[in-house]
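Peer 1: Residue numbers (the working numbering): 219 to 516.
C-beta: ideal position from N, C-alpha, C; glycine also.
For clarity, every value in this text was computed on a predicted model and none was experimentally measured.
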Amino acid sequence: MDGQLSLSPNNMSLDRELTTKVFHPLRRAQFWDKDYRLPILAYHSVSPAPQKDEGKAATAATDPFTFRQQMRQLITDGYNPTDIPQVVEWLRDGKHPPEKTVIITFDDGLRDFYTNAFPVLQEHSLHATVFLATDYIGVSRHSLNKNECLTWSEIREMSKSGIRFGSHGVSHGDLAHLPQVEVMRELGVSKAEIERQSGSSVQAFSYPHDFPAKDAASAKSFRDLLVKAGYTCCVTRELGRVRASDDLYRLKRIPINSRDTPALFTAKLEGGYDWRAWQQSFLKKLRPRKTKKQNSPQ
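1) Would you list the one or two residues that DSSP bridges to A260?
2) Would K470 and T484 be called neighbours here (beta carbons separated by less than 9 angstroms)?
3) State the DSSP-derived secondary structure class of E456, mapped to helix, strand or coil.
4) Just the C-alpha distance for G221 and R414, rounded to the nearest angstrom, thanks.
5) Assuming A260 and I472 form a contact by the criterion Cβ under 8 angstroms, report the distance between their Cβ atoms to the nearest whole angstrom.
6) When you compare the CB of S408 with every CB in chain D, is at least one pair closer than 9 angstroms?
7) Are the beta-carbon atoms belonging to G384 and F429 less than 9 angstroms from one another?
8) So, is K239 buried or exposed, given that buried needs 16 or more other C-beta atoms within 10 angstroms?
9) Should the region 309-319 be regarded as contacting the region 350-369, the criterion being three or more beta carbon pairs within less than 8 angstroms?
10) Which runs of the beta strand (DSSP E) fall wholly inside the region 284-368 and span at least 3 residues, in chain order?
11) Can we say the region 399-406 touches the region 438-446, given the rule of at least three CB pairs closer than 8 angstroms?
12) Give the straight-line distance between the Cα atoms of E375 and P243, rounded to the nearest whole angstrom.
13) Of the residues H314, K378, R494, which one's Cα is nearest the Cα of G417?
14) Out of P337, T323, W496, which has the shortest C-alpha to C-alpha gap to F349?
15) Find the nearest neighbour of R329 within the set I293, G391, Y354, judged by alpha-carbon distance.
16) Leaving aside the five residues before and after R255 along the sequence, list all residues of the same chain whose C-beta is less than 7 angstroms from its C-beta, in chain order.
17) By the DSSP assignment, the alpha helix (DSSP H) with G406 in it spans what residues?
18) What does the alpha-carbon distance come out to for the pair E235 and F241?
19) State the start and end residues of the unbroken alpha helix (DSSP H) segment that holds F483.
20) Suppose you measure from the CA of A279 to the CA of S371; what does that come to, to the nearest Å?
21) T352: which of P316, S499, S436, I412 sits nearest, CA to CA?
Here it is as structure tokens:
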């Protein structure tokens, strides 16, 4: 799944036990992070089928029953799912979002969002943002990685009901290996097309692959392109919750799927999963840097 390291079933069980039995109690005891941090939840498919994300071992699917449970749990626990623009306004002013604020996001714009997630969100009047890769959205049905995607008519219907849409690029390609002129096309064309088709402004971008965190120059260059294209924020696959001081164009998220028990879901919301962010950051530093194409206009 996006943002997660590949885990075997045994490691997933250990991951859950460490999160719920060790790090979540430590977080509740305020061993770190006394100020509230904002959880941005990252979903992909909401379907009963176990779907793989680009061949990785971690599933990218949340079954409809589990998803409904999770939304009910948010409400029961007093969470307030909030639109991204409101949170951006708080963060831009350096303010901590109110406690129990949460953002719900969905990558890829899959059809099962419309059939399985949208009715639940509508039932509970919950806000969410869906990120679209526009090459795979059309008047007729297209597929991304063998998963059916939304159509523009479904997007217009949901937009009128309060669902927000952001960009996931045009091609869902790895932007780190594209020249700047192509990156700008991915940003600008997708944004313009979603706005034209949905009738609503697009402010948020979701980076479709691993964010180039190790390459400071590339990260800054990409940030500049986002600003130039008119975006106010960017969510990534980096694990973690968001602090008021974080860069709006490099917001971390928490991956959610069917393996999240109620206890693990609560732990992720409350910071018990932060240790995985530290682990991810440490392991990425150990990986050799990939050779990249020259990232300049051609």
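Peer 2: On the basis of the coordinates in this document:
1) T323, P473
2) no
3) strand
4) With a pLDDT of 40 at G221, under the threshold of 50, the predicted position of this residue should be treated as unreliable, though the coordinate-derived value follows. Cα to Cα, G221 sits roughly 30 angstroms from R414.
5) 6 angstroms
6) Of the protein chains in the structure, only one exists, and it is not chain D.
7) no
8) exposed
9) no
10) 319-325, 347-350
11) yes
12) 43 angstroms
13) K378
14) T323
15) Y354
16) R459, V460, R461, G489
17) 398-416
18) 9 angstroms
19) 480-488
20) 24 angstroms
21) I412
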